[in-house]
Every structure is written in C-alpha cells, then in structure tokens.
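Structure record follows, encoded as structure tokens.
Numbering (UniProt numbering), first residue to last: 1 to 404.
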C-alpha cells in the first residue's frame, strides 16, 4: 500500500512545521496519528522503506480486544486452543471464552496507516530521526528524508513511538535503550498440514532461557519462532532455530511445512515498567514506554489502545489550553501497568533461570488452570490475591533457605 507523501515539494532549506511529530510508524505511532483531528498538522517519520515491513513481531493477540479496536477480521487468524509443552509435561486448553488471534502484521499496520492518512497525517517512510533540541515550546528536530537529505522539523509536540531504540528520549538524554531485552526470530511458512485453530508455546531444553511458539497465521501461513532474554544468555535465537526444526519435532506437533516465505526478527524491552511517559512536550508511547507484557511479550493491542489514548489527550490539551490531559494519560497507564508488570517482571526474571525440572513442574501447574486463569496469566492481568500469594510463597522460601 503506498503511503501519501507530504503535500508539495518544499525548498530543502525551508523547515517543516507541524503540531505533532511522531517518530515511528508502528502501531502506537500510527494509532496516535489516526486519533488526531484533521485540523491538527501531524507528521509521522518511519525509518523503514515500507509500513509493516520488515515484520518484527509474531502478532499474538486476543479476538475480543481486536474487535473492540475495530481491527478487520480478515487481518487475523482466530485461535481457540493452546498447547503448552515442556520436556515431560503437556497442557492443552480450549479457549472458547478467551479466543486468541494471530495478526497479519503488515496488513494491520497498513490498515492503521490508512486510518492515520484519512485523519490528515503525512506519513514519510525511509525517514530517519537524527536529533532534537528543545527551544521554548518548540521541538526542533533533524530528520533525514529519503531523496531530500536532512531537514529541520519544528513541532509543538514530539512523540517517541520508535520502540526499543527510544530514539527521541535517547537524543534528549531522557532515557536510554533497554539493557535487558527479549530477542526473537521466527520462520514463516506456507502450510501443507497443521491445526489452524491451535497455538503452541514450548519451553524447556530446546530454549531454556526463553520460550518458543508455533502460530497459525492468516493467508494459510504458519510461524515457528523462539525468543531469549539477553544478556541473561548470550545464545542467539537463530542458533536455536536451525537445529530445532527436525522431522521428529514437526511430526510431534502434526506439522507439514511448505515453502519458507519469510524470516522475521525483533527486539522488545524486558525491563520493569517505567511510569514516566510525559516530559513536558516530549511523550513516549508503545514499546518506547515498555508496554509489552512481561509474561509473553505481547503488546500490539496495547500499543494501539495507548496510541489512541495519547492522540485523544493531545486533542484535549489543545481544546482546554492546559497540559492536564497529558498528566491523566500518564496516570491512567501507570494504574493499568505498574503493579501487574512489577509482578510480571519478577516472574519473568525467575523463570529465565528455570531448568528442565522446574519447567516441568510449572507446566504441570498450568495444566490445572482454568481457561480464565490461563488467559489472565498470559495477559499479565492476575488478581491481587494471586500476586500476594505468590509473593508470600517466595518470601517463605527465602526465609527457610536462609535459616537452613
């Protein structure tokens, strides 16, 4: 899908002026742009040559959330069964009330770009954000545009939707790139034979410092991938993938693969949630704000929701003539994420040290969960009593170990 360029061919010496400059054309940045009214001037700069390519995520999500967000149903594969395996344990759950989904990533991002363009946003691909300085109420940024060289962009608000690099925050020394990250790779195939309603997560010996997945995807595709936490391990996920895909492995899941059509790779932060999102007129959103769930690194639905929320808050700021709506934006997401992600990150650190026996025990516990309990675990939306119970058990174990 072609993205409309900026209107007109301006003199290269002339600066570009806009109300909002969004750095990053992923789901959060595009959703924010789409929420802004047409009387806002909005420029989205995206480093890649095309929206949604290359693919950097496996696209796992939830049907109910996607329906609420208005994502067209042809852009996702519905999943109503999930299998979770370790070396010696297996858990199979029917997900009838909490159906899952796997997105067509490129199609979804380009759908969001269409919405943003319809709202009046100018979207520039092949445009690299270089730097910015704050001059009063104006953010003066340098952006290198494909075929035009470096241009000055003056904006009232500057949105960091760049993802893991946190390009804007890093340029202003307001934050730095995450030091602990999830690194994943997946191979996408045409399918000859596979259960199209079943997703698989696997842990244990094949990928001790992370986990693997098998996801049916739209267009009769299948994605098989692994992810690890670095620097918890120095193993490359690519080194795990190559020996993993044996005939015995594929047969054990009832898979017959056709042509390999893509290799997708990505990086997401794997650090505690940082509640500060607003730095006066510089604001972060999406993976720049570390919103992917610490349990399985899922976050596209959250990025879209958060981006739309930010877009609406920016509208409210202009209407009210006050920055108060941005404080509400920060508070809302702190309330949503802070406690859940604190617990989730603790669990993330704990399981990253698991061996085969510990994974077997963990999957045996998962097998006893109800559908709702499993969905809450994957979504990192555990009830407070469950988090307190887990924390108390951990504290008792440490005390017992200390006395012994």
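Where a beta carbon is used, it is the ideal one built from N, C-alpha and C, also for glycine.
All figures in this text were calculated on a predicted structure; none of them were measured in a lab.
Query	Result
For residue 72, count the other beta carbons within 10 Å of its own beta carbon; 16 or more makes it buried, fewer makes it exposed. Which is it?	exposed
Throw me the rounded Cβ distance for the residue 116 and residue 34 pair, which I believe falls under 8 angstroms.	4 angstroms
Which one or two residues does DSSP pair with residue 157 in a beta bridge?	20
With DSSP collapsed to three states, give me the class of residue 148.	coil
Can you tell me which of 378, 381, 58 and 44 puts its alpha carbon nearest to the alpha carbon of residue 213?	58
Assuming residue 329 contacts residue 310 (C-beta within less than 8 angstroms), just tell me the rounded distance between them.	6 angstroms
Where does residue 39 sit, in a helix, a strand or coil, going by DSSP?	coil
First and last residue of the beta strand (DSSP E) that includes residue 100?	100-103
Less than 8 angstroms between C-beta atoms, sequence neighbours within five positions excluded: which residues of the same chain meet that for residue 263?	185, 186, 187 and 188
Comparing alpha-carbon positions, which option in 356, 198, 288 and 121 lies nearest residue 37?	121
Please state the DSSP three-state secondary structure of residue 300.	helix
Taking the C-alpha atoms as reference points, what is the distance between residue 297 and residue 261?	24 angstroms
Which residue marks the beginning of the beta strand (DSSP E) containing residue 264, and which one marks its end?	256-269
What would DSSP say about residue 5, mapped onto helix, strand or coil?	Because residue 5 carries a pLDDT of 39, less than 50, the predicted location of this residue cannot be relied on, and no value is offered for it.
Would you say residue 113 and residue 51 are within 8 angstroms of each other, going by their C-beta atoms?	yes
Within 10 angstroms of its Cβ, does residue 85 collect 16 or more other Cβ (buried), or is it exposed?	buried
Based on DSSP bridge pairs, tell me the residues matched to residue 125.	46
Between the region 297-308 and the region 355-372, do three or more beta carbon pairs fall short of 8 angstroms?	no
Could you tell me the distance, in whole angstroms, from the CA atom of residue 206 to the CA atom of residue 156?	49 angstroms
On the three-pair Cβ rule with 8 angstroms, is the region 151-166 touching the region 279-299?	yes
Who are the Cβ neighbours of residue 133 in its own chain at under 7 angstroms, not counting the five residues just before and after it?	140
What residues in its chain sit with their C-beta under 6 angstroms from that of residue 180, if we drop five residues either side in the sequence?	270 and 271
With a threshold of 8 angstroms between beta-carbons, can residue 376 be considered close to chain D, or not?	Although the question refers to chain D, the structure presented lacks it and comprises just one protein chain.
Look at the alpha carbon of residue 201 and the alpha carbon of residue 195, and state the distance between them as a whole number of angstroms.	14 angstroms
How would you write the range of the beta strand (DSSP E) that residue 187 sits in, first residue to last?	181-193
Compute the Euclidean distance between the alpha carbons of residue 380 and residue 148, then round it to the nearest angstrom.	44 angstroms
Compare the C-alpha of residue 89 against each of 382, 360 and 111 and name the closest.	360
Tell me whether residue 390 sits in a helix, a strand or coil according to DSSP, three-state version.	Any reading at residue 390 needs caution, since the residue's pLDDT is 49, under 50, leaving its predicted position unreliable; the model's value is listed next. Here residue 390 sits in helix by DSSP.
Rounding to the nearest angstrom, what Cα-Cα distance links residue 67 and residue 60 in this structure?	14 angstroms
Would you kindly work out how many angstroms separate the C-alpha atoms of residue 150 and residue 143, rounded to a whole number?	5 angstroms
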